[in-house]
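Colleague: Those protein sequences? They're chains A and B, same order as listed. The numbering used here applies: residue 3 is where the first sequence begins, and numbers increase by one. The numbering used here applies: residue 13 is where the second sequence begins, and numbers increase by one.
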Amino acid sequence: MKIIAIASVGGHWIQLLRLKQAFKGDEIEFISTKESFAATVPGHVFHTIPDGSRWNKMKLLQAFFKVTGILIRSKPDVIITTGAAPGLMGIVAGRFIGAKTIWIDSIANVEKISLSGKIAQKFANRVYTQWPDLANSKVVYSGNILS
Amino acid sequence: MIFVTIGTQEPFDRLIKAVDEIAATIQEEEVIAQTSESAYVVQHMKTVAFLSPVEFNKLFDEARLIVSHAGMGTVISALTKQKPILVMPRRASLGEHRNDHQMASAKKLHELNFIHVAYDEEELKEKILALIEAGDPQPLHHLGEWASDELIQSLQKFVHP
Numbered sequence: 003m004k005i006i007a008i009a010s011v012g013g014h015w016i017q018l019l020r021l022k023q024a025f026k027g028d029e030i031e032f033i034s035t036k037e038s039f040a041a042t043v044p045g046h047v048f049h050t051i052p053d054g055s056r057w058n059k060m061k062l063l064q065a066f067f068k069v070t071g072i073l074i075r076s077k078p079d080v081i082i083t084t085g086a087a088p089g090l091m092g093i094v095a096g097r098f099i100g101a102k103t104i105w106i107d108s109i110a111n112v113e114k115i116s117l118s119g120k121i122a123q124k125f126a127n128r129v130y131t132q133w134p135d136l137a138n139s140k141v142v143y144s145g146n147i148l149s
Numbered sequence: 013m014i015f016v017t018i019g020t021q022e023p024f025d026r027l028i029k030a031v032d033e034i035a036a037t038i039q040e041e042e043v044i045a046q047t048s049e050s051a052y053v054v055q056h057m058k059t060v061a062f063l064s065p066v067e068f069n070k071l072f073d074e075a076r077l078i079v080s081h082a083g084m085g086t087v088i089s090a091l092t093k094q095k096p097i098l099v100m101p102r103r104a105s106l107g108e109h110r111n112d113h114q115m116a117s118a119k120k121l122h123e124l125n126f127i128h129v130a131y132d133e134e135e136l137k138e139k140i141l142a143l144i145e146a147g148d149p150q151p152l153h154h155l156g157e158w159a160s161d162e163l164i165q166s167l168q169k170f171v172h173p
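1) Would A/S38 pass as an interface residue toward chain B - the criterion being a Cβ-Cβ separation below 8 Å?
2) Name the residues in the segment 101-122 of chain B whose C-beta lies less than 7 Å from a C-beta of chain A; which are they?
3) Starting from A/Q123, find everything on chain B with Cβ-Cβ shorter than 8 Å and list it in chain order.
4) Can you tell me whether DSSP reads B/L98 as helix, strand or coil?
5) B/I38 to B/A30, Cα distance in whole Å?
6) Closer than 8 Å is the cut-off here; do at least three beta carbon pairs connect the segment 13-31 of chain A with the segment 83-94 of chain A?
7) If the criterion is Cβ atoms closer than 8 Å, does the pair B/A118 and B/A142 meet it?
8) Whether or not the segment 108-118 of chain B and the segment 158-172 of chain B are in contact is what I'm after, with contact meaning three or more pairs of Cβ atoms, one per stretch, closer than 8 Å; do they touch?
9) Going along the chain, which residues of the segment 18-45 of chain A sit with their C-beta nearer than 8 Å to a C-beta in chain B?
10) Could you tell me the alpha carbon to alpha carbon distance between A/Y70 and A/G92, rounded to whole angstroms?
11) Taking 8 Å as the CB-CB cut-off, is A/I104 touching chain B?
12) List the residues of chain B whose Cβ lies closer than 8 Å to the Cβ of A/I16, in chain order.
13) Can you tell me which of A/Q132, A/I33, A/A101 puts its alpha carbon nearest to the alpha carbon of B/G84?
14) Inspect the beta-carbon positions of B/K139 and B/A130 and report whether they are closer than 8 Å.
15) Give the residues of chain B in contact with A/S108, contact being defined as C-beta atoms less than 7 Å apart.
16) Indicate the three-state DSSP secondary structure (helix, strand or coil) for A/Q132 in the structure shown.
17) Please report the straight-line C-alpha distance between B/A104 and A/S139, rounded to a whole angstrom.
18) Checking the sheet assignment: what are the DSSP bridge partners for B/T17?
19) Within 8 Å (strictly less), CB to CB, does B/V66 reach chain A?
20) So, is B/A36 buried or exposed, given that buried needs 16 or more other C-beta atoms within 10 angstroms?
21) Mapping DSSP to helix, strand and coil, what is B/H122?
22) For the alpha helix (DSSP H) holding A/A87, just list the boundary residues, first then last.
23) In chain A, which residues lie less than 9 Å from B/V171 when you measure between Cβ atoms?
24) For the candidate residues B/I88, B/A116, B/H56, whose alpha-carbon lies nearest to that of B/L155?
25) So, is A/N111 buried or exposed, given that buried needs 16 or more other C-beta atoms within 10 angstroms?
26) According to DSSP, which residues form a beta bridge with A/E29?
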C-alpha cells in the first residue's frame, strides 16, 4: 500500500508524524511546505510545495497544481492529512485520482471543526475529529494524537 | 536557559515584551527568544529568527523551561520531550491570530493539567518567576511518541479493511 501523508509545517506536521505508526508495513511519502523538514522523515521521499498558509491566491493555485502533479506521478492508494490548506488540496485532488482520502482535524480545534475540515467533509472518505464532543454522523472520533 | 517561541506565523509582541521585561529582572538566567516580524525592540534576551527543525530541537533540548504561544506543535514537542511549558494563548481580538482557537485549546489542556497557562502578561511574568524560583521546573505530563492506540487502530482498519 502506498500512502501520501500531507501537512503544512508547524503543529499540523508534528501531529502527522505521530500517526506514522499506523502505516508500519506501508510505503509512505510526505508532502510539506518547507524543505528543511525532510530531515524529520529520513528514509522517506519528501516533496516540498509552496506555502499557501497566508491565502495568497497565486501561491495557493501553484501549490494546488504541484500537489496534483505529485499525486498523479506517485499514484498513492491512500492520502492522509492533518491540515491545513495543503492537506485540503491533497484531499480534493486525491478524489480525482481515486485514492482513499482521510482528513484528521487538528487537535487545536477544540470547540468546532476547522473551516478546511468542513470543506474536507465534502471530499474525504473519512473525517476524524480529535475531541469526542465534535463527533457526529459524518465526523468520527476515535482517540487523538495525544497518548 | 529559558527558550521562548511564538511559532513562525505572526508576531506576538505582547508575549515577547512581557518575557523581555521579566528577563531584565533575572539576569542570571539566559533567555533565548525565537521571534518573527516583531515591532517591539527586545533588550534583555538573545533573539533568533526562523530555525530549522534541527536548530530548534537543540535549543528546545537545552532549555529548562519553554515559554510559548498556545500552538499545538510547541505544546506536543514539550510534552514528548518532557519539558515544562508555560503558554499564553494568542487573542483574535488583539489581531494576534485569525480566531480564538488558541484560547480554547489552552483552556482544554489546562483543565487536563498537561501544561501551565497564563491568560495575560501579568500572569505570565508571575508564573515564569514562580516556576524558576522553585528550582528546576518539572513537566506536568508526558506524551509517548505516537498517537493513541485507539486512533492508530482505527486508521489501520480503515486503510487495510
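Built from N, CA and C at the ideal position, the CB exists for glycine as well. Bear in mind that the values here come from a model prediction, so they are computed numbers and not experimental data.
Modeller: Working from what's here:
1) yes
2) H113, A116, S117, K120
3) Residues of chain B passing the Cβ test: none, with the nearest at roughly 16 Å.
4) DSSP places B/L98 in the strand class (E or B) of the three-state scheme.
5) 13 Å
6) yes
7) Not closer than 8 Å, so no.
8) no
9) R20, L21, K22, Q23, A24, F25, D28, S38, F39, A41, T42
10) A quick correction: the sequence has Thr, not Tyr, at residue 70 of chain A. In a straight line, the C-alpha of A/T70 is about 7 Å away from that of A/G92.
11) yes
12) M84, G85, I88, S89
13) Looking at the sequence shown, residue 84 of chain B is not Gly but Met. Looking at the Cα atoms, A/Q132 is the closest of the given residues.
14) yes
15) Contact annotation for A/S108 against chain B: M84 [CB-CB distance below 7 Å, chain order].
16) coil
17) 31 Å
18) Answer is B/Q46, B/S80.
19) yes
20) exposed
21) Looking at B/H122 - three-state DSSP - the assignment turns out to be helix.
22) That run of the alpha helix (DSSP H) goes 87-99.
23) M3, I5, A24, F25, D28, D79, V80, I82, K102, I104
24) B/I88
25) buried
26) A/K4
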